[in-house]
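The block underneath contains the structure these notes are about, expressed in structure tokens.
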Amino acid sequence: MAVGIFDSGLGGLTVLNAVQRRLPDVEFLYFADSANAPYGVRDADDVFELTRRAVARLWEGGCDLVVLACNTASAAALRRMQEGGLPQGKRVLGVFVPLIEALTERQWGDNSPPREVEVKHVALFATPATVASRAFQRELAFRAIGVDVEAQACGGVVDAIEEGDMILAEALVRSHVDALKRKMPHPQAAVLGCTHYPLLEGTFQDALGADVKVFSQANLVAESLADYLKRHPGMLGRGAPGYLTTGNPGRVSDRATQFLRREIRFSAA
Ligand code: DGL
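Taking our numbering, the leading residue of the sequence shown gets 284, the next gets one more, and so forth.
See below:
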């Protein structure tokens, strides 16, 4: 029995780690589309097609429920997949909604009209494709009024992480935070809108300053998945757990082991 977790590469491991901690009895099948990462520089049709294929692979692996642990895929593909109709008994969840519910102090599934919230100035850090989609702003507008969002497309960060070049990734984060601060000098909150970025959360926090509250998704998604599975216990699937990649399994395993600080072994998807 396994729930599918999908990302373009290693970023979804930040979500996997949190859901494994929150749900120790649930098994997971992780899929990293490493051969096609990064998604964040692709157009929406391309991201949709790659996501559709990856999710189909997880369904083939016996998963009934797949979490898109990738904001870029959630922005470009989630609504389109759901509107296009999913196979009988299959479900796909994204990562935006739990984050926006936390930011807007809402309980799960609170569909009341948008209202004023505490936080007024929000910095959004995400991939170029997620920023271009404006999906974050759209989801936020359904729930909150009067929130000023300044988005910073963080080109290069995902590539550097996938290559294991954390010195470059850190330097890029600092320069993206500087660029954001030129547009919004005093954000109250910052959203890490890419599942790769929690691997550099300390760098974001340091560059932003201690008075900026940094929201990252892993624990929020874990809580929301726990809640979903409590309400839908039949969605645990039939497949075997494991780690699949479209890239080089040896290389991807080494990086994953380095990031999670425990042995992770990928096999070819
Ligand atoms: N982790 C993905 C996200 O959350 C990265 C996308 C990419 O491959 O650029 O957006």
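Yeah, the Cβ is synthetic: ideal placement off N, Cα and C, and Gly gets one too.
| Item | Value |
| --- | --- |
| Beta-carbon proximity of ARG374 to MET518, cut-off 8 Å | yes |
| Where SER550 falls, given that 16 or more other Cβ within 10 Å makes a residue buried | exposed |
| Close-in-space but distant-in-sequence residues of the same chain around PRO481 (CB under 7 Å, 5 per side omitted) | THR297, LEU475, SER499, ALA501 |
| Residue span of the beta strand (DSSP E) that contains ARG374, given as start and end | 374 to 376 |
| Selection from SER536, PRO321, LEU407, ARG521 that minimises the alpha carbon distance to ALA462 | LEU407 |
| Three or more C-beta pairs below 8 Å linking the region 349 to 363 and the region 315 to 335 | yes |
| Alpha-carbon to alpha-carbon, ASP489 and GLU453 | 11 Å |
| Residue range of the unbroken beta strand (DSSP E) whose run includes ALA360 | Run containing ALA360: none; DSSP gives neither H nor E here. |
| Close-in-space but distant-in-sequence residues of the same chain around ALA412 (CB under 8 Å, 5 per side omitted) | TYR322, GLY323, VAL324, ARG325, ASP326, ALA327, VAL330, THR355, ALA358, ALA359 |
| ARG538 - DSSP class collapsed to helix/strand/coil | helix |
| When PRO370, SER317, ALA473, ARG538 are compared against ALA339, the one with the closest alpha-carbon | PRO370 |
| Three CB pairs or more closer than 8 Å across the region 384 to 400 and the region 425 to 432 | yes |
| Endpoints, beta strand (DSSP E) assigned at LEU348 | 348 to 351 |
| Cβ shell of VAL495 (< 8 Å), same chain only, five flanking positions each side left out | ALA406, PRO470, GLN471, ALA472, ALA473, GLN488 |
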